[in-house]
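Under this note's numbering, the first residue of the sequence shown carries the number -14, and numbering increases by one thereafter.
Don't be surprised by glycine CBs; every beta carbon is placed ideally from N, CA and C.
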Amino acid sequence: MLAYLAALRRHAWRCHLDIAAYFPSVDLTRLESLLFRRLRDPHTRALVTQLLDAGARVYRSTQARAILGPPRPGRRGLALGSYLSQWCGNLYLDALDHQIKRGLTIPGYLRFMDDFVLFGDDRGQLSDARAAVADWLARERGLTLNPRHGQLQPAREPGVFLGYRVSRSGVSASRKLRRRLKERVRTATRQGDGALLRCLESYRGILLFP
């Protein structure tokens, strides 16, 4: 959050982007091509393939179809929650980081998995970068940007990143996060003191903000 705050104070404009249905859309064959450039041992490769395919099968389950809809065509999908998926999800977009910073020379950039923000003083540069990022994701990774995000906004206006409301004056929990916290505290209260204590402990970091 401090890096986001510093970027807001340093630049005039921001563009917040994320990827539509990122984890279900990861192409496992492309991912393996990235992994296996350095990973040469055949037994380790076979294990990674087995783990990735097991995770992808989750999206074909009845429960996943009911919530997420039909799975993406082809060999796609990183399972949510596993350490391997978190690591691979970051690796899959590593080249995007280099493209944005080195290729597009965007002065300010932050990414958390598929949630990323471009900062700059030239509104036109950010607009062009947004289109270039969409083209790169489609061409190199078979991904699309979430159409609900991507507006260019003045950095003087507050933004929400990873559940926190960030303005040039400081950082606080977002309205959505505060509402969710209240709901969980009420639920924990009904379950007893132990559940309430665990709930408050889990939100300790959030409660430190005003």
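Determine, using beta carbons only, whether arginine 61 and serine 10 come nearer to each other than 8 Å.
-> Against the sequence shown, residue 61 aligns to sequence position 76. Against the sequence shown, residue 10 aligns to sequence position 25. Yes; because the gap between Cβ atoms is below 8 Å, this pair is in contact.
Where DSSP assigns a beta bridge to proline 139, which residues make up the other side?
-> Mapped onto the sequence shown, residue 139 falls at position 154. Under DSSP, proline 139 forms a beta bridge with Trp(-2).
Excluding the 5 residues preceding and the 5 following lysine 86 in the sequence, name in chain order all residues of the same chain whose CB lies nearer than 7 Å to its CB.
-> Your numbering for residue 86 matches position 101 in the sequence shown. Result list for lysine 86: Tyr94, in chain order.
Own chain, CB closer than 7 Å to leucine 89, minus 5 neighbours either side, in chain order | Walking along the sequence shown from the start, residue 89 turns up at place 104. So the list reads Ala114 and Ala117, once near-sequence residues are dropped.
Return the CA-CA distance between valine 156 and alanine -12, expressed in angstroms with no decimal places.
-> Indexing the sequence shown from 1 puts residue 156 at position 171. Indexing the sequence shown from 1 puts residue -12 at position 3. Rounded to the nearest angstrom, the two C-alpha atoms are 11 Å apart.
For the putative contact between cysteine 0 and valine 102, defined by C-beta atoms under 8 Å, what is the C-beta separation to the nearest angstrom?
-> The sequence position of residue 0 within the sequence shown is 15, counting from 1. The sequence position of residue 102 within the sequence shown is 117, counting from 1. With a Cβ gap of about 7 Å, cysteine 0 and valine 102 count as contacting.
Can you find a C-beta in chain B that's less than 8 Å from the C-beta of leucine 95?
-> The structure shown contains no chain B, having only a single protein chain.
At least 3 beta-carbon pairs within less than 8 Å: the stretch -11 to -2 vs the stretch 31 to 42 = No, the stretch -11 to -2 is not in contact with the stretch 31 to 42.
Would you say the stretch 164 to 172 touches the stretch 17 to 33, given that touching needs at least three Cβ pairs under 8 Å?
-> Counting Cβ pairs under 8 Å, fewer than three are found: no touch.
Kindly indicate which three-state DSSP category arginine 150 falls into: helix, strand or coil?
-> One-based indexing of the sequence shown puts residue 150 at position 165. If DSSP states are grouped into helix, strand and coil, arginine 150 belongs with the strands.
Looking at C-beta atoms only, is the number of pairs between the stretch 1 to 8 and the stretch 126 to 141 that lie closer than 8 Å three or more?
-> Touching, yes.
Using the C-alpha atoms, what's the distance from arginine 153 back to arginine 141?
-> Position 156 of the sequence shown, counting from 1, holds the residue named residue 141. Position 168 of the sequence shown, counting from 1, holds the residue named residue 153. So the alpha carbons of these two residues sit roughly 7 Å apart.
According to the Cβ coordinates, are leucine 128 and glycine 148 closer than 8 Å?
-> Residue numbering aside, residue 128 sits at position 143 when the sequence shown is read from its first letter. Residue numbering aside, residue 148 sits at position 163 when the sequence shown is read from its first letter. Contact: no.
Glycine 74 CB to nearest heavy atom of the ligand SAH below 7 Å = With respect to small molecules bound, the structure shown includes none, and the ligand SAH cannot be examined in it.
In this structure, does DSSP put serine 157 in helix, strand or coil?
-> Taking the sequence shown and counting its residues from 1, the one referred to as residue 157 is at position 172. Serine 157 falls in the strand class under three-state DSSP.
Please list the segments of the alpha helix (DSSP H) lying wholly inside the stretch 60 to 146, counting only runs of 4 or more residues, in order along the chain.
-> Annotation: the stretch 60 to 146 contains the following complete segments of the alpha helix (DSSP H) (minimum length 4 residues), in chain order: 68 to 77, 79 to 83 and 108 to 121.
Helix, strand or coil at aspartate 26 [DSSP, three-state] = One-based indexing of the sequence shown puts residue 26 at position 41. DSSP, read as helix, strand or coil, puts aspartate 26 in coil.
Note down, in chain order, each residue of its chain lying with its Cβ closer than 7 Å to the Cβ of proline 195, except the 5 sequence neighbours on either side.
-> Taking the sequence shown and counting its residues from 1, the one referred to as residue 195 is at position 210. Low confidence applies here, because proline 195 scores a pLDDT of 49, under 50, leaving its location unreliable and the question unanswered by this model.
Cβ pair arginine 57, arginine 126 closer than 8 Å | Your numbering for residue 57 matches position 72 in the sequence shown. Your numbering for residue 126 matches position 141 in the sequence shown. Not a contact, by the Cβ cut-off of 8 Å.
Boundaries (first-last residue) of the alpha helix (DSSP H) holding isoleucine 52 = Residue 52 sits at position 67 when you count from the first residue of the sequence shown. Per DSSP, isoleucine 52 is one residue of the alpha helix (DSSP H) stretching across 47 to 53.
So who's on the other strand from aspartate 12, going by DSSP bridges?
-> Walking along the sequence shown from the start, residue 12 turns up at place 27. According to DSSP, which records beta bridges pairwise, aspartate 12 is partnered with Arg61.
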